[in-house]
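J.:
In my numbering, the protein residues as written are 501 to 624.
Shown next as structure tokens:
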């Protein structure tokens, strides 16, 4: 007989979660991940200052992003695509990509990855 642990609903205020600095002033917060008992995915929030962004990189896992505020650009193998609040992105495994904040305000986005990608990100 397999016993399954029952998970409980967790509610957190993003602004209460400590951030970790990544180059060029970017900040990352792990909202839900291994420490919170998430079994499959990690949810992270990134804050990128104007002019900041990630390096051109890829991961061996897919991930999804939702732009919450600000504006920027996604550069990938198909070219550049403008991003703004409400833009949702699906990035397949091994797809090279780069996010840049092209606006005058903070760029904030949610990024959901498999647990094994919880610590991944490629700042400048």
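Note that beta-carbon positions come from the ideal geometry of N, C-alpha and C, so glycine has one too.
Tell me where the beta strand (DSSP E) around residue 528 begins and ends.
T.: Within the chain shown, the letter at position 28 stands for residue 528. Residue 528 -> beta strand (DSSP E) spans 526-532.
J.: Exposed or buried, residue 567, counting other C-beta atoms within 10 Å across all chains shown (16 or more means buried)?
T.: Here residue 567 refers to the residue found at position 67 when the chain shown is read from its first residue. With 16 or more Cβ atoms within 10 Å of its Cβ, residue 567 is classed as buried.
J.: Between residue 546 and residue 505, what straight-line distance do the alpha-carbon atoms span, to the nearest angstrom?
T.: Locating residue 546 in the chain shown gives position 46, counting from the first residue. Locating residue 505 in the chain shown gives position 5, counting from the first residue. Roughly 30 Å separates the two Cα atoms.
J.: Please specify which runs of the beta strand (DSSP E), each continuous and at least 3 residues long, are wholly inside the segment 536-593, giving them in chain order.
T.: Within the segment 536-593, the complete beta strand (DSSP E) runs of at least 3 residues are 541-548, 563-569, 571-576, 579-584 and 588-591.
J.: Given this structure, state the Cα-to-Cα distance separating residue 573 from residue 600, to the nearest angstrom.
T.: The residue labelled residue 573 in the question sits at position 73 within the chain shown. The residue labelled residue 600 in the question sits at position 100 within the chain shown. Roughly 5 Å separates the two Cα atoms.
J.: For the candidate residues 517, 521 and 542, whose alpha-carbon lies nearest to that of residue 615?
T.: Taking the chain shown and counting its residues from 1, one reaches residue 615 at position 115. Per the Cα distances, 542.
J.: For residue 563 and residue 518, I'd like the C-alpha separation in whole angstroms.
T.: Numbered from its first residue, the chain shown carries residue 563 at position 63. Numbered from its first residue, the chain shown carries residue 518 at position 18. Each residue's alpha carbon lies about 22 Å from the other.
J.: Does the segment 552-559 come within contact of the segment 591-608, defined as at least 3 CB pairs closer than 8 Å?
T.: Result yes; three or more Cβ-Cβ pairs closer than 8 Å.
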